[in-house]
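Input: a single structure, listed below in structure tokens.
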Amino acid sequence: MEKEPIKNHKDLKVYQMAFDVAMKIFELSKKFPVEERYSLTDQIRRSSRSVCANLAEAWRKRRYEAAFVAKLNDCEAEAAETQTWIEFAVKCNYLDVELGRELYGIYNRILGGLVNMITDPSPWLMKR
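Add 1082 to the 1-based position in the sequence shown for our numbering, that's all there is to it.
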């Protein structure tokens, strides 16, 4: 069975993982204390969503390798930031340790996919 060609950023496995986990974080963060609304809750939602948004931007910059890689680097930074917020959520007892490990592990896989794209961007670039 042949794989479908990737036509847009939504077809990328790394995007799909990032989108799904951002939605999971959104749902979980609804249970965070109200006093965290403008800090931890807002930050973890923003950084998790930013991975997806920057990946969409990167996809549209595939004409230029440097611009593409720069946006992927932004994705990588946002994913790492999200891992930090997950750690805070666990330490503050807003997330169960096992759930925190699961989310953190998903971000490790996302980071691995992003690093692979950054290290070898040529398969993703637009052919001139």
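For each residue, glycine too, the CB sits at the ideal point set by N, CA and C. From a predicted model like this one, the values you see are computed outputs, not experimental measurements.
Check                                                                                               : Outcome
Assigned secondary structure, L1196 (DSSP; H/G/I helix, E/B strand, else coil)                      : helix
Exposed unless 16 or more other CB atoms sit within 10 angstroms - verdict on S1129                 : buried
Short Cβ contact (8 Å threshold) for N1090 with W1167                                               : no
Touch test, the region 1107–1126 against the region 1144–1155, Cβ-Cβ under 8 Å, three pairs minimum : no
Contact set for S1132: own chain, Cβ-Cβ below 7 Å, skip 5 residues either direction                 : E1160
Assigned secondary structure, Y1146 (DSSP; H/G/I helix, E/B strand, else coil)                      : coil
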